[in-house]
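In what follows, a structure is listed as structure tokens, so that the remarks can point back to it.
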Amino acid sequence: MELASVLLSPQTIATLAVGLIAGLIRGYTGFGGAIFAIPLLSLIYGPTSAVALVLAAGLVGTAQLMPGALPMATWRQIVPLVLVSLVFTPLGTWVLLTTDPDYVRRGLGLFVLVAAVTMMRDWSWQGPRTPLISGIVGAISGIVTGIGGIGGSVATLYLISSGQPVKVIRANLIIIIGALTIAGFVYLLLAGAILFDDLFKMLIYLPTYMAFIWVGARIFRGTSDALYRQVALWLLAAVGIIATIW
Numbered sequence: 006m007e008l009a010s011v012l013l014s015p016q017t018i019a020t021l022a023v024g025l026i027a028g029l030i031r032g033y034t035g036f037g038g039a040i041f042a043i044p045l046l047s048l049i050y051g052p053t054s055a056v057a058l059v060l061a062a063g064l065v066g067t068a069q070l071m072p073g074a075l076p077m078a079t080w081r082q083i084v085p086l087v088l089v090s091l092v093f094t095p096l097g098t099w100v101l102l103t104t105d106p107d108y109v110r111r112g113l114g115l116f117v118l119v120a121a122v123t124m125m126r127d128w129s130w131q132g133p134r135t136p137l138i139s140g141i142v143g144a145i146s147g148i149v150t151g152i153g154g155i156g157g158s159v160a161t162l163y164l165i166s167s168g169q170p171v172k173v174i175r176a177n178l179i180i181i182i183g184a185l186t187i188a189g190f191v192y193l194l195l196a197g198a199i200l201f202d203d204l205f206k207m208l209i210y211l212p213t214y215m216a217f218i219w220v221g222a223r224i225f226r227g228t229s230d231a232l233y234r235q236v237a238l239w240l241l242a243a244v245g246i247i248a249t250i251w
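In this note's numbering, each residue's number is its place in the sequence shown (first place is 1) plus 5.
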């Protein structure tokens, strides 16, 4: 009876719903699952547990999506970004663990909203895409990943303006976010921020998330460049607004 009450609780149902939509988004866009899930799960469990839960799910999602992404990635562009991001992720983790949770949640929401509006206005980086620029993007991505697991939004701003086909952009994002996810999860684990209770939350969240990653990836196969971009931007904007004003 106690187990049934837990499984049917509003908290569990909300977690399953977030996992369903986040998995669908991650499978389709290659990057949006954490951006959607963390602000909403923060309302249920608090920012630290939400980030731990989403990063753990991200490890599984990366394993699902990586085989298809590896052949299409532009390694010269993403390797500097990934390496620098790994160095800066601990700084973001420190901010997460030492800052008021409400400020973290609203700050993340505002960041996501600004990113979405920027892309909707067709802003694009017109300068050179050198290893130095990729490294700067990587540093910002690493910090934001440590704070809230959504460093992929920074990389998305950079990559979506590159003019590359969306299949290449999506492949690059899958690899970048995979590396950021691994780093963020390890740093949280070493900091002692992942608790036993978080493991139970993962058991609730992961099955639905994994199933709908597969569904999202199947839907992506028939999508156009324009539709992919519009879906990504509106999702960014919606989640940013929710997290900022809630």
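For glycine and all other residues, C-beta sits at the position ideal for the given N, C-alpha and C.
Range of the contiguous alpha helix (DSSP H) that encloses residue i
{"i": "Q82", "result": "W80 to T103"}
{"i": "F36", "result": "Note, F36: premise wrong, no alpha helix (DSSP H); not H, not E."}
{"i": "T53", "result": "P52 to A74"}
{"i": "A188", "result": "V171 to L195"}
{"i": "A198", "result": "A198 -> no alpha helix (DSSP H), and no H or E assigned at all."}
{"i": "S158", "result": "G157 to I165"}
Supposed close pair residue i, residue j - CB separation, criterion 8 Å
{"i": "A43", "j": "A55", "result": "According to the sequence displayed, residue 43 carries Ile and not Ala. That belief holds up - the Cβ atoms of I43 and A55 are roughly 5 Å apart, short of 8 Å."}
{"i": "T67", "j": "I179", "result": "7 Å"}
{"i": "A196", "j": "L113", "result": "With a Cβ gap of about 18 Å, A196 and L113 do not count as contacting."}
Top-ranked residue by Cα proximity to residue i, from the options
{"i": "F201", "options": "A57, A19, A68 and R126", "result": "A57"}
{"i": "I247", "options": "N177, Y33, V119 and V100", "result": "V119"}
{"i": "V149", "options": "A216, G189, T79 and R175", "result": "G189"}
{"i": "I250", "options": "L102, Y33 and R111", "result": "R111"}
{"i": "T17", "options": "A216, V236, K206 and V59", "result": "K206"}
{"i": "T79", "options": "A176, G221 and F225", "result": "A176"}
{"i": "V59", "options": "F225, V191 and V236", "result": "V191"}
{"i": "L204", "options": "A231, I83 and A62", "result": "A62"}
{"i": "L46", "options": "Q69, V65, V84 and A22", "result": "A22"}
{"i": "L198", "options": "P15, G51 and S14", "result": "The sequence as given places Ala at residue 198; Leu does not occur at that position. For A198, the nearest C-alpha among the options comes from G51."}
{"i": "A231", "options": "L75, G221, G156 and S166", "result": "S166"}
{"i": "L86", "options": "T161, S14 and A222", "result": "T161"}
{"i": "G156", "options": "A216, L115 and T94", "result": "T94"}
{"i": "R81", "options": "R223, L164 and I224", "result": "L164"}
{"i": "A216", "options": "T53, V65, P15 and S14", "result": "V65"}
{"i": "R223", "options": "L96, Q69 and W239", "result": "Q69"}
{"i": "W239", "options": "L96, L115, M125 and T20", "result": "M125"}
{"i": "A19", "options": "R226, L96 and Y214", "result": "Y214"}
Residue j beta carbon less than 8 Å from that of residue i
{"i": "S229", "j": "A144", "result": "no"}
{"i": "V100", "j": "I152", "result": "yes"}
{"i": "V171", "j": "Y233", "result": "yes"}
{"i": "V159", "j": "L241", "result": "no"}
{"i": "I218", "j": "G73", "result": "no"}
{"i": "V244", "j": "T34", "result": "no"}
{"i": "V92", "j": "G37", "result": "no"}
{"i": "M77", "j": "V173", "result": "yes"}
{"i": "T98", "j": "L193", "result": "yes"}
{"i": "I181", "j": "I83", "result": "yes"}
Inset, instruction - Report yes or no: do three or more beta-carbon pairs, one from the segment 202 to 220 and one from the segment 17 to 37, lie closer than 8 Å? - result: Counting Cβ pairs under 8 Å, three or more are found: they touch.
Legend entry - the segment 182 to 196 touching the segment 135 to 142, judged by at least three CB pairs closer than 8 Å: No, the segment 182 to 196 does not touch the segment 135 to 142.
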